[in-house]
Amino acid sequence: MKHSKFRVGVIGTGGIFRGAHVHGWKAIPDAQIVAVADINADRAASLAKEMDIPQVFTDYRELVKLDLDAVDVCTPNGVHTPAVLAALNAGMHVVCEKPLATTTKDVRLMGELADKKKLVLMTAQHQRWTASALAIKRWAEAGNLGDVYHARVRAMRRAWLPIAPGFIDKKLSGGGPCMDIGVHALDAALWVMGFPKPVRVTGTAKVNFAQTDKIPGMWGEWDRKMYSVEDFAAGFVHFDNGATMTLESAWLGHQTENEDMSFQLFGMNGGVKWPSGEFATVANRTFVQGNLTWPTRIDRPHTEEILAFYDSVVNRKPTPVPWTETIKVIAILEAIYKSQATGREVALKLA
Ligand SMILES: NC(=O)c1ccc[n+]([C@@H]2O[C@H](COP(=O)([O-])OP(=O)(O)OC[C@H]3O[C@@H](n4cnc5c(N)ncnc54)[C@H](O)[C@@H]3O)[C@@H](O)[C@H]2O)c1
Numbered sequence: 028m029k030h031s032k033f034r035v036g037v038i039g040t041g042g043i044f045r046g047a048h049v050h051g052w053k054a055i056p057d058a059q060i061v062a063v064a065d066i067n068a069d070r071a072a073s074l075a076k077e078m079d080i081p082q083v084f085t086d087y088r089e090l091v092k093l094d095l096d097a098v099d100v101c102t103p104n105g106v107h108t109p110a111v112l113a114a115l116n117a118g119m120h121v122v123c124e125k126p127l128a129t130t131t132k133d134v135r136l137m138g139e140l141a142d143k144k145k146l147v148l149m150t151a152q153h154q155r156w157t158a159s160a161l162a163i164k165r166w167a168e169a170g171n172l173g174d175v176y177h178a179r180v181r182a183m184r185r186a187w188l189p190i191a192p193g194f195i196d197k198k199l200s201g202g203g204p205c206m207d208i209g210v211h212a213l214d215a216a217l218w219v220m221g222f223p224k225p226v227r228v229t230g231t232a233k234v235n236f237a238q239t240d241k242i243p244g245m246w247g248e249w250d251r252k253m254y255s256v257e258d259f260a261a262g263f264v265h266f267d268n269g270a271t272m273t274l275e276s277a278w279l280g281h282q283t284e285n286e287d288m289s290f291q292l293f294g295m296n297g298g299v300k301w302p303s304g305e306f307a308t309v310a311n312r313t314f315v316q317g318n319l320t321w322p323t324r325i326d327r328p329h330t331e332e333i334l335a336f337y338d339s340v341v342n343r344k345p346t347p348v349p350w351t352e353t354i355k356v357i358a359i360l361e362a363i364y365k366s367q368a369t370g371r372e373v374a375l376k377l378a
C-alpha cells in the first residue's frame, strides 16, 4: 500500500456499484474511495456527496491520473476493456465487473498487461462467494465429486430483462443473457470442475420474444429499436478431458421459475446441484443422497469478493479470479455466438 489508506477510484457509479460493491469498500476500514468517474455527471456527483468522495470526473482518463492503489470498474461491458487498460497502464490494481470483456482477445490483452506489470486483475464473479457455491467447492475438493464427465448449467429467467442500454444495445453490452447471466452460472460451474479447457462448442443465440409484446418485462418496457442482442442462447461444450456441458441462458421465456440460476454436476464419485446443495452417490452398492448444509451466516457475496480482492493486493496473494480462468468462460460464450453466425461447431485453441 502506497499510503496510510488504500486509495480506490471507481469508474461507473450505477446499479452494481451502489447496490453491491460499495458495501464491500465500506467494510474495509483502511480503504477510502477518493474519486469517482461516470459519464453521467449527476449520478457521480450525488454518490460523491453521499459518501464524501473528494474527486469527481466525467472522464475516467482523468481519474487514472491520480495516485491510486486500485480501480473498481463498474461500467457497461463495452467500456471494461479501455477502462481496465487505462488503470493497469497507470499502475493500479483492478477489480472489474463481469464479463471482464466480451472477446477472448480483450481478456488476453488485459491479462497479459496485468501480468507484465505484476498487478492484480480480478473479474468480479461474486457467485463464487455465495455460501452454497463455497460449500459445494469444498465438498468437491474433499473428493466427493470425482472427475466431472457432464455438467448442466442454467441461467434462465422468465421475464427479468434488464432494460438499460448497457444491457440491450450490443455496442455497449457485447451480448444478451449469455454475457449478462450465463457468465455467472458458467464461471461457478467451471470453478467447481477445476476449469478444464474447452475445445469444441456448438450453440444457438436468438431473439424469441424481445421484439414482441408477448412477455411483459418485470423491470418495465425496453426500446425494441435499440434491442440488438439475443434473448435466449444455448450451447454444447466439449472439454479436453472428455467432459461435456450444456449451457442455457435467457431473459424471457415460458417457465414457472422467475429465475433458474443453477448447475448440476455429474462426477465419477457423486453428483451435486447448485445452489440447492442436493447430492447423490452410491456407497457399497447402496444409494445415498442428501443435502449439503453450510454454516448459517450472512450471505454477502459481493462484499466477500471485494474483501478477497483487497486481501490479494495488500497481502500479495494471487488474484482470486485469474484472467486465465475468465478467458475459458468468455471463449465458450464467444463460440456460442460464432456457432450461431456460422451454423457450425467452433474449435477453440486456447493456450
Ligand atoms: N455481478 C452482478 O451481479 C452484476 C449485476 C448487475 C450488473 N453487473 C455488471 O456491472 C456492470 C454495470 O452494470 P450496472 O447494472 O451497474 O449498469 P448501470 O447502467 O446501472 O451503471 C453503469 C454506469 O456506468 C456509467 N458509464 C457508462 N459509460 C461510462 C464511461 N465511459 N465512463 C464512466 N462511466 C460510464 C453509466 O453512466 C452508469 O452510471 C456491467 O458490466 C454488468 O454486467 C453485475
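Heads up: the sequence shown at position 6 corresponds to 33 in the working numbering, and the numbers run straight through without jumps.
The C-beta atom is built at its ideal place from N, Cα and C for all residues, glycine as well.
Delimiting residues of the beta strand (DSSP E) encompassing residue i
{"i": "PRO225", "result": "225-233"}
{"i": "GLU352", "result": "Premise fails: GLU352 lies in the alpha helix (DSSP H), 350-369, not in any beta strand (DSSP E)."}
{"i": "THR271", "result": "271-277"}
{"i": "TRP301", "result": "298-301"}
{"i": "ILE190", "result": "Element bounds for ILE190: n/a, residue is neither H nor E."}
{"i": "THR308", "result": "305-310"}
{"i": "ARG181", "result": "175-184"}
Cβ-based neighbour list, residue i, same chain, cut-off 7 Å, excluding 5 preceding and 5 following
{"i": "GLY247", "result": "ILE190"}
{"i": "PHE266", "result": "PRO223, LYS224, PRO225 and VAL226"}
{"i": "VAL256", "result": "ILE195, LYS197, SER200, GLY202 and GLY203"}
Cβ-based neighbour list, residue i, same chain, cut-off 8 Å, excluding 5 preceding and 5 following
{"i": "ALA374", "result": "VAL226 and ARG227"}
{"i": "ALA113", "result": "TYR87, ARG88 and VAL91"}
Contact check, residue i vs residue j, beta carbons under 7 Å
{"i": "LYS125", "j": "VAL35", "result": "no"}
{"i": "ASP207", "j": "ALA237", "result": "no"}
{"i": "MET289", "j": "ARG181", "result": "Note on identity: in this sequence residue 289 is Ser, with Met being the wrong assignment. Yes; because the gap between Cβ atoms is below 7 Å, this pair is in contact."}
{"i": "LEU136", "j": "LEU115", "result": "no"}
{"i": "LEU279", "j": "LEU213", "result": "no"}
{"i": "THR131", "j": "GLU361", "result": "yes"}
{"i": "ALA68", "j": "THR85", "result": "yes"}
{"i": "TRP350", "j": "GLY138", "result": "yes"}
{"i": "ILE80", "j": "VAL63", "result": "yes"}
{"i": "GLY230", "j": "ALA186", "result": "no"}
For residue i, the nearest candidate out of the options (CA to CA)
{"i": "SER303", "options": "LEU161, LEU93 and SER276", "result": "LEU161"}
{"i": "LYS32", "options": "TRP52, PHE44, LEU199 and GLY42", "result": "TRP52"}
{"i": "VAL348", "options": "MET149, ALA54 and ASP69", "result": "MET149"}
{"i": "ARG45", "options": "PRO56, ALA71 and GLN59", "result": "ALA71"}
{"i": "VAL100", "options": "GLY41, ASP287 and VAL37", "result": "VAL37"}
{"i": "PHE293", "options": "VAL175, SER73 and GLN59", "result": "VAL175"}
{"i": "ASN342", "options": "HIS48, MET78, LEU146 and PRO81", "result": "LEU146"}
{"i": "ALA169", "options": "ARG251, GLY221 and ALA215", "result": "GLY221"}
{"i": "ASP287", "options": "ASN296, GLU275 and ILE66", "result": "GLU275"}
{"i": "THR273", "options": "HIS177, ILE55 and THR108", "result": "HIS177"}
{"i": "VAL340", "options": "GLY173, MET119 and PRO109", "result": "MET119"}
{"i": "MET253", "options": "ALA216, GLU284, GLY193 and ALA261", "result": "GLY193"}
First through last residue of the alpha helix (DSSP H) which encompasses residue i
{"i": "SER159", "result": "158-168"}
{"i": "PHE44", "result": "Taken as a continuous stretch (DSSP letters only), PHE44 belongs to no alpha helix (DSSP H), as it is neither H nor E."}
{"i": "ASP99", "result": "That residue, ASP99, is in no alpha helix (DSSP H); its beta strand (DSSP E) goes 97-100."}
{"i": "ARG135", "result": "131-143"}
{"i": "THR150", "result": "THR150 -> not in any alpha helix (DSSP H); beta strand (DSSP E) instead, spanning 148-151."}
{"i": "GLU77", "result": "68-78"}
{"i": "THR313", "result": "Run containing THR313: none in the alpha helix (DSSP H); it sits in the beta strand (DSSP E), 313-318."}
Cβ shell of residue i (< 6 Å), same chain only, five flanking positions each side left out
{"i": "LYS164", "result": "VAL219"}
{"i": "GLU331", "result": "TRP156"}
{"i": "GLN291", "result": "ARG179 and LYS300"}
{"i": "THR353", "result": "LEU127, VAL134 and THR150"}
{"i": "VAL111", "result": "VAL100, VAL121, CYS123 and MET137"}
{"i": "GLU305", "result": "ASN318"}
{"i": "ASN54", "result": "Looking at the sequence shown, residue 54 is not Asn but Ala. Closer than 6 Å at the Cβ level, and outside the excluded window around ALA54, lie THR330."}
Any C-beta of chain B under 7 Å from that of residue i
{"i": "ASN296", "result": "The structure shown contains no chain B, having only a single protein chain."}
Residue i CB to nearest heavy atom of ligand 3 below 6 Å
{"i": "CYS205", "result": "Ligands present in the displayed structure are limited to ligand 1, and ligand 3 is not among them."}
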